[in-house]
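Asks: Provided herewith is a single structure, encoded as structure tokens, for subsequent inquiry.
Number of protein chains: 2
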Amino acid sequence: MSQTALFQLGTGLETSTARKEDFAIATSAAMAEERDDHFVVRNGVRCAGAHLIIDLYDCEKLADLDHIEAALRRCVEASGATLLHIHLHHFEPNGGVSGVAVLAESHISIHSWPENGYAALDVFMCGNADPDACVPVLREAFKPQRVDVNVILRGQSV
Amino acid sequence: MSQTALFQLGTGLETSTARKEDFAIATSAAMAEERDDHFVVRNGVRCAGAHLIIDLYDCEKLADLDHIEAALRRCVEASGATLLHIHLHHFEPNGGVSGVAVLAESHISIHSWPENGYAALDVFMCGNADPDACVPVLREAFKPQRVDVNVILRGQSV
């Protein structure tokens, strides 16, 4: 990853409002109809997709499996992605949850440490889906006091 | 993510040989027996776990679902992780594969674009597992001409 591939998006509750970008489709319309993992252009860079590394601090409801699954499903819906498979696991004794949603456009994952109020997520989306749309959903679901979002543009050299 | 959280590990076939680091357990031995997602110390930094962002270029066998599943399982074994769930999806018409392995120590994901010879993976592991051990497994499985590995230390502020 080159330094230019990593966009530091800052911290704090207002982060997501400043980071909307245009997605342009790098492939033909015909190809877009057949598959959802086509390459995109983001910030002028052609890439396989945008990979958001999301850290949520001082959250609530991180041990609630049903709540976390519902949040993941709302992320999929908000981003316009297509859910292919979802799986969550509840750990004992700390109540942490690991969950993954496999998408036609790649995946979303979450791992929570409720005893620390911390959750680590990644949202990787190709094609027409809008991964940024997940951030406000996560803010609403887990009420984090701090959110870090970093974007990696995958496959720039392809 | 601070800049110090991102270690550019270079490219080329010899990358993985230079990047072995010591993992030290940041939690008590008693806690380690109960769960596999405890925080670790890596490069002197206490964190929830190491998240490897792995890009494989000019690969082979990226449309072979069974081969990809076997490679993921070998990654889990090599890293000393515990597999909880695995799911792979075969896309048409390009033959690309999306796969996720949910671990007691977090997850591994792969998304392949066989028409471009490109695969995007991430390996997130907490606890005692060694995510670096996945890299030589992936080199052997997919024969990439170029491998980029970047490490993000998640949850440093917790």
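Taken in order, these protein sequences are the chains called A and B. Under my numbering, residues 1 to 158 are what the first sequence spells out, in order. Under my numbering, residues 1001 to 1158 are what the second sequence spells out, in order. Glycine residues also receive a C-beta, built at the ideal position from the N, C-alpha and C atoms. In this text, all values refer to a predicted model and were calculated from it rather than measured experimentally.
1. L84 of chain A CB to nearest chain B CB: under 7 Å?
2. Bridge partners for F124 of chain A per DSSP, in chain order?
3. Could you compute how far the alpha carbon of V1147 of chain B sits from the alpha carbon of C1059 of chain B?
4. Would you please verify whether the beta carbon of N1043 of chain B is less than 7 Å from any beta carbon of chain A?
5. If distances are taken between C-alpha atoms only, which option among B:N1128, B:A1101, B:N1043 comes closest to H1085 of chain B?
6. With a cut-off of 8 Å on the beta carbons, I'd call A120 of chain A and H107 of chain A a contact; round off their distance for me.
7. When DSSP labels each residue in this structure, what does A1133 of chain B get in the three-state scheme?
8. Would you identify the three-state DSSP class for H90 of chain A, choosing helix, strand or coil?
9. Could you check how far apart the C-beta atoms of G49 of chain A and C126 of chain A are, in whole angstroms? I think they sit under 8 Å.
10. Alpha carbon to alpha carbon, how far is D64 of chain A from I54 of chain A?
11. At a CB-CB cut-off below 7 Å, which residues of chain B make contact with R154 of chain A?
12. Quick one: which chain A residues come within Cβ less than 8 Å of H1107 of chain B?
13. Between which two residues does the alpha helix (DSSP H) containing D1058 of chain B stretch?
14. DSSP state of V1076 of chain B, grouped into three classes?
15. Using a Cβ-Cβ cut-off of 7 Å (strictly less than) and excluding sequence neighbours within five positions of C47 of chain A, which residues of its own chain qualify?
Replies: Here's the rundown:
1. True, the Cβ-Cβ gap to chain B drops below 7 Å.
2. A:H51, A:H107
3. 10 Å
4. No, no contact with chain A.
5. B:A1101
6. About 14 Å separates the two Cβ atoms, so there is no contact after all.
7. helix
8. DSSP places H90 of chain A in the strand class (E or B) of the three-state scheme.
9. 3 Å
10. 19 Å
11. D1055, A1120
12. Scanning chain A for C-beta atoms nearer than 8 Å to the C-beta of H1107 of chain B yields S98, V100, S109, H111, reported in chain order.
13. Run containing D1058 of chain B: none; DSSP gives neither H nor E here.
14. Helix, per DSSP.
15. F39, V40, L153, R154, G155, Q156, listed in sequence order.
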